[in-house]
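In UniProt numbering, the protein residues as written are 1 to 324. Using N, Cα and C, we set each Cβ at its ideal position, and we do this for glycine too. Okay, structure first, notes after.
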Amino acid sequence: MRAMTIPKPGGPEALVWSEVPDPRPGPDEVVVDVRASAVNRADLLQRQGHYPPPPGAPAYPGLECSGVVSEVGSQVTGWAVGQAVCALLAGGGYAERVAVPAGQLLPVPAGVDLVDAAALPEVACTVWSNVVQLARLAKGETLLVHGGGSGIGTFAIQLGVALGATVVVTARAGKHARLRELGAAHTVDYREQDFVAEVHRVTDGRGADVILDIMGAAYLPRNVAALATGGRLVVIGMQGGRKGELDLGMLLMKRASVHATALRSRPLDEKAAIVRGVREQVWPLIEAGTVRPVVHARARMADAADAHRLVETNDHVGKVLLTT
């Protein structure tokens, strides 16, 4: 088969579409003939040499895919050759075929195109596990989402609204109209506005109950300042650095909490539990049309370098997909 290899870390030109050995399924795995994958920030970091795949994962980038089951391991039940699926991966999505632990498979939701389904697994599992499972976002609460125009952001807006929350997002001004269409009640231009002041303004001084943050260190003090009493800050990215100052006094005064999580490195049983939760609680929302994949562009997988350049500009809204 062909897969996207990285002979030497570097810029987008480091991606090389190469002939590689076909995957073989383990007893608890299936092989998926890939129809599409999606570009995630982790792929850019891996290409640069900063985010190697966990032990045992394929060396190729790609944290999600959609396609058709072509082989089934000897101990797998509930899945059959020919089924249309999408999958959460630890790597290997930028390829024509990939072996997937059966616990990380999802059926393609009714009403969703097979290619567009590749936009769902990583964002659905990330947002649900952090906003719902960990932070326990409830009806009537306020959710602040940083990076509202990203794949994570566009999904978090829709899921937050579906759960009955008021969603505030930070994003470039040019993306605000689209994010309001997705359900964001308030949009903040992070380059021109103070998101702490804006959050307190739109909540009558109360603050955000849950904050989903991709920035890390650069936003840490302000995120704590933006939290409501009993608020929950969940950090899922470090685009703004890894070391920041935490005001424990303010955290204690607000009886608030800070969590930091990662998905790719979790054990298989934890990933399987998240996938089950997503299938039970999120897939019905997608099939009802309440939550939908947001796809900015499609590119051929052989042209993944161009897709990486697009994502690096931050000009996109939603996901950029790669098709075989």
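- Message: Quick check on DSSP: helix, strand or coil for I274?
- Response: helix
Starting from D33, trace the beta strand (DSSP E) both ways and give me its first and last residue.
-> 29-38
Requested in this report: Please go through the same chain and pick out, in chain order, the residues whose beta-carbon is closer than 7 Å to the beta-carbon of A307, but skip the five residues on each side of it.
Outcome: V39, A299, V320, L322
According to DSSP, what are the bridge partners of S18?
A3
Please report the straight-line C-alpha distance between T261 and V68, rounded to a whole angstrom. So the alpha carbons of these two residues sit roughly 30 Å apart.
Would you check if the distance between the CB atom of A184 and the CB atom of V168 is smaller than 9 Å?
yes
Going straight from the alpha carbon of G11 to that of Q48, what length do you get? 7 Å
Check whether the region 252-270 and the region 279-290 touch, using three or more Cβ-Cβ pairs below 8 Å as the test.
They do not touch, by the three-pair rule.
- prompt: With a Cβ-Cβ cutoff of 9 Å, do G318 and A119 count as a contact?
  reply: yes
S37, buried or exposed, once every other Cβ within 10 Å from all chains shown has been counted against 16: buried
- Message: Helix, strand or coil, according to DSSP, for P52 in the structure here?
- Response: coil
Worksheet item: So, do the region 23-35 and the region 237-244 have three or more beta carbon pairs nearer to each other than 8 Å?
Response: With a cut-off of 8 Å, the region 237-244 and the region 23-35 do not count as touching, because too few Cβ pairs lie within range.
T5 beta carbon less than 9 Å from that of Y51 = no
### Query
Taking the alpha carbon of V210 as the point to measure from, which residue in L263, V131, H316 has its own alpha carbon closest?
V131
Can you tell which of G160, V224, W17 has the C-alpha that lies nearest to the C-alpha of V235?
-> Among G160, V224, W17, the Cα nearest to that of V235 is on V224.
Just to confirm the assignment: which complete alpha helix (DSSP H) runs, minimum length 4, are found wholly within the region 94-145?
121-127
Inset, instruction - Pull up the DSSP beta-bridge partners for V168, would you. - result: L144, H186
- Counting Cβ pairs closer than 8 Å, one from the region 90-108 and one from the region 19-32, do we hit at least three? yes
As a quick exercise: from L159, G26, W79, G91, pick the residue whose alpha carbon is nearest that of L45.
G91
What first and last residue would you give for the beta strand (DSSP E) that runs through L321? 319-323
Assign E280 to one of three DSSP states: helix, strand, or coil. helix
Review point. Closest to A226 by CA distance: which of G26, A297, L143 is it?
Key: L143
| message | Let me see if you follow: with CB-CB separation under 9 Å, is L105 close to chain B or not? | response | No chain B is part of this structure, which consists of one protein chain only.
query: Thinking just about the alpha-carbon of each residue, which of V295, L63, D22 is nearest to the one in D116?
result: V295
Would you mind sorting P213 into buried or exposed? The rule is 16 or more other CB atoms within 10 Å of its CB. First, the residue type needs correcting, since residue 213 is Asp and not Pro in the sequence shown. D213 comes out buried.
ask   = H316 lies in the alpha helix (DSSP H); which residues open and close that run?
value = H316 -> no alpha helix (DSSP H), and no H or E assigned at all.
Note to self: If I measure Cβ to Cβ from residue 381 and keep anything under 8 Å in the same chain, skipping five residues before and after, which residues do I get?
What the structure shows: Nothing about residue 381 can be reported from this structure: the residues present for the chain run from 1 to 324 only.
*What is the rounded straight-line gap between the Cα of residue 372 and the Cα of T290?*
The structure shown does not extend to residue 372, since the chain is modelled only from 1 through 324, so no value can be given for it.
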